[in-house]
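Enquirer: Pasting a structure below so you can have a look.
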Amino acid sequence: MDSGDVDTVFLAGASGDTGQNVLRLLAPRDVRVRALTRSPAKRARLQRVGADEVVVDDLLDPDDLDSAVDGADVVISTVGSAPTDVLSGGPYVDGVGAQNLLDAALTADVDAFAMESAIGVGPEDASVLATVFDMVIGPIQRAKAATEAALREAPLRHTILRPGILTNGPRTDDVTVAEPGAKLWGAVSRADVARLLIAAPVTDAAADRTFEVVSKPAFRDRRLHIDWQLPG
Numbered sequence: 001m002d003s004g005d006v007d008t009v010f011l012a013g014a015s016g017d018t019g020q021n022v023l024r025l026l027a028p029r030d031v032r033v034r035a036l037t038r039s040p041a042k043r044a045r046l047q048r049v050g051a052d053e054v055v056v057d058d059l060l061d062p063d064d065l066d067s068a069v070d071g072a073d074v075v076i077s078t079v080g081s082a083p084t085d086v087l088s089g090g091p092y093v094d095g096v097g098a099q100n101l102l103d104a105a106l107t108a109d110v111d112a113f114a115m116e117s118a119i120g121v122g123p124e125d126a127s128v129l130a131t132v133f134d135m136v137i138g139p140i141q142r143a144k145a146a147t148e149a150a151l152r153e154a155p156l157r158h159t160i161l162r163p164g165i166l167t168n169g170p171r172t173d174d175v176t177v178a179e180p181g182a183k184l185w186g187a188v189s190r191a192d193v194a195r196l197l198i199a200a201p202v203t204d205a206a207a208d209r210t211f212e213v214v215s216k217p218a219f220r221d222r223r224l225h226i227d228w229q230l231p232g
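Residue numbers (UniProt numbering): 1 to 232.
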């Protein structure tokens, strides 16, 4: 996709911290953003942050998700379960919910899907941090892995980002993006992850790829050199 090909972005997980960073970054750009939340009470806040339209629906029990996604060029998923959700035993929004979103994206014939996952998801060699993620939130990691697999099999362009520990620090535009199995560990700001999520659909080198992402430590010897573009 070219940067000018994105007219409408559908954002799932809009009320979360990464989702709100996506909204702030897209707000000044010439792109219409349709934001999804489960809570009607969050509609006004999301509009203040930058959503042009807010859709209320539940990915785990969707009412009319196909219509909500219809007309979008790009779907960005920042949905994620809290660590305490492991106690519920599922289903998890990272798994069943995100796969419902993928089905709606395929029905709507969207051009690209960008997903926020996590370090440690998948079968590749992992860092110690990733191994800890798997031990502490294993069921959620496996739900994310199932969604990643479904996305790779789907007939649409995709990018999967596996960030390390997420922080609320400032956007730096200085991150290490590496192939799965690079054994990255460390932290990265949600603002930096948000930038990559909105850039991925219009960055040629990000098409149909999965990346580990951290900013500290820098791991400059392991990073890929990608010319990230932005839509609008």
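Cβ atoms here follow ideal geometry from the backbone N, Cα and C, with glycine treated the same way.
Please read all numbers here as calculations on a predicted model, not as lab measurements.
Going by Cα to Cα distance, which pick from R38, F211 and S67 is closest to P163?
Expert: F211
Enquirer: Does the distance from the C-beta atom of A218 to that of T176 stay below 7 Å?
Expert: For A218 and T176, yes; Cβs fall inside 7 Å.
Enquirer: Keeping to the same chain, check which residues put their C-beta closer than 6 Å to that of D30; ignore five residues upstream and five downstream.
Expert: G232
Enquirer: Using a Cβ-Cβ cut-off of 6 Å (strictly less than) and excluding sequence neighbours within five positions of D58, which residues of its own chain qualify?
Expert: R38
Enquirer: Is M135 buried or exposed, if buried means 16 or more other CB atoms sit within 10 Å of its CB?
Expert: With fewer than 16 other beta carbons inside 10 angstroms of its own, M135 counts as exposed.
Enquirer: What is the rounded straight-line gap between the Cα of A199 and the Cα of R32?
Expert: 15 Å
Enquirer: Taking T172 as the reference, give the member of I119, L161, K216 and A145 with the closest Cα.
Expert: A check of alpha carbon separations from T172 across I119, L161, K216 and A145 identifies K216 as the nearest.
Enquirer: From A154 to Q47, what distance separates their C-alpha atoms?
Expert: 31 Å
Enquirer: From G71 to A126, what does the alpha carbon distance come to, in whole angstroms?
Expert: Whole-angstrom Cα-Cα distance: 38 Å.
Enquirer: For L166, which three-state DSSP category applies?
Expert: strand
Enquirer: Quickly, what does DSSP pair A41 with across the bridge? List them, please.
Expert: BP columns for A41 are empty, so no partner.
Enquirer: By Cβ distance below 8 Å, which residues in the same chain neighbour R157 in space, the five residues on each side in sequence not counted?
Expert: M1, D111, A112, F113, P201, A207 and D208
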